[in-house]
Every structure is written in structure tokens, then in C-alpha cells.
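Shown next, in C-alpha cells, is the structure this report addresses.
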Amino acid sequence: MDITFYNNDSTVFNYRTCGVISDGKRILLHRKEDDDFWALVGGRVQMLEPSDCSIKREIKEELGEVIEINRLLWMVENFFRNGDKQYHEISTIYLVNLDKESWLLNQKHSFNGIEDKKLIYKWFSFDELNSLDIRPSFLKEKLLSLPNNPNHIINKD
1 MDITFYNNDS TVFNYRTCGV ISDGKRILLH RKEDDDFWAL VGGRVQMLEP SDCSIKREIK
61 EELGEVIEIN RLLWMVENFF RNGDKQYHEI STIYLVNLDK ESWLLNQKHS FNGIEDKKLI
121 YKWFSFDELN SLDIRPSFLK EKLLSLPNNP NHIINKD
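Everything in the sequence shown is counted per full-length UniProt numbering, starting at 1 for the first residue and increasing by one.
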């Protein structure tokens, strides 16, 4: 069971985990077909599931890849509006490593994952990040210089 709670028709609490997937020159982002913004690859944490296990599960489900966790980058309290709902989201964001032979590293154009054809994935150079709508918004800046130790971020978009 995903850790998502609906307080009423207009407020949602969500616990999410994400992975920063990079080949050193590019970063992999995804979006839903009908969204106009990009986000880090990831998904919801399930009840009684540690977040590091969640990101491994999510990437395996969505992309068929086994990843290695490098380190925790950020613990995020994110407050935002999406449509008619106000969200309070807690996120763990990990730096993760792909296998050197991963099929993902050869992708040159946008592509669909294996789990949900409504998710679009695409590699972006670090130079392109500033021109994208990336959410949460703090990522545009922070992805250019990853912390050596976990940071706590409170973000209001």
C-alpha cells in the first residue's frame, strides 16, 4: 500500500522516493504524458518499506533495471499545488548507479518505460536543466552540484 493519504478533497500527504540517475554528462528525468513538467525518476514508498528499498523497486518496476544506491542526497519537505489539490510531500532523493551495460545509457531520444506507457523518460544535459520546468523547482540548481552529505530541504512551489 502506497503511503498517500487524502485529508479531504483538496489536500494530500505523499511519501515519495527518487533517484538521481546520471552518466556524468546527462541526467534522466521522466514525466507523465499529460504533464508539462519533468521530475526525477521514482515513485511512492509503500507502507513498512524503507525508502532505499523503494527506489530500487520503483526503478526495477518502471525501467527493468537493478540499481546500486550511492548515497542519500536530500530529505525534502515539499509543498505544492497540482491541479485542484494542495500537496504535503516528503521525499528521499538518492544518487543511484546504473550498471555500465544498462540499455538506458544508449537512449538518445525520449522513450517509454516498461511498467506504464504513460511515463516518458528522457536524458537531458546539465546545460539544458535551466530551461526545463523541473519539479520540485530547487532541483534545477541543486542537480548541478550534488552534496557529499545528506541535506534537508524545505521547498514551497
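Don't be surprised by glycine CBs; every beta carbon is placed ideally from N, CA and C.
As assigned by DSSP and simplified to three states, the class of residue i
i: E115; result: coil
i: L40; result: strand
i: S131; result: helix
Residues near residue i in its chain [Cβ-Cβ closer than 8 Å; skip 5 each side]
i: K140; result: L129, N130, L132, I134
i: F126; result: K25, R26, I27, L143, L144
i: N70; result: Y94, L95, V96, N97
Own chain residues within Cβ distance below 7 Å of residue i, not counting five before or after
i: F124; result: R26, I27, L29, L132
Proximity of residue i and residue j at Cβ, strictly below 9 Å
i: Y94; j: L73; result: yes
i: L98; j: D52; result: no
i: I21; j: V41; result: yes
i: I153; j: R31; result: no
i: L104; j: E65; result: yes
i: E61; j: K118; result: no
i: Q86; j: T4; result: no
i: E77; j: I67; result: no
For residue i, the first and last residue of its enclosing beta strand (DSSP E)
i: R26; result: 26-32
i: I69; result: 68-82
i: L95; result: 85-97
i: I3; result: No beta strand (DSSP E) holds I3; DSSP gives it neither H nor E.
i: N14; result: 11-21
i: I154; result: 151-156
Start and end residues, alpha helix (DSSP H) containing residue i
i: residue 225; result: This structure leaves residue 225 out entirely; the chain is present only between 1 and 157.
i: K140; result: 139-142
Own chain, CB closer than 6 Å to residue i, minus 5 neighbours either side, in chain order
i: F37; result: D133, R135
i: S54; result: T17, V45
| Below 8 Å, can you find three or more Cβ-Cβ pairs linking the stretch 66-84 to the stretch 124-141? | The way I'd put it, the stretch 66-84 does touch the stretch 124-141; three or more beta-carbon pairs between them come closer than 8 Å.
| task | Determine, using beta-carbon pairs with one atom in the stretch 103-114 and one in the stretch 3-18, whether at least three such pairs fall under 8 Å. | result | With fewer than three CB-CB distances shorter than 8 Å, the stretch 103-114 does not count as touching the stretch 3-18.
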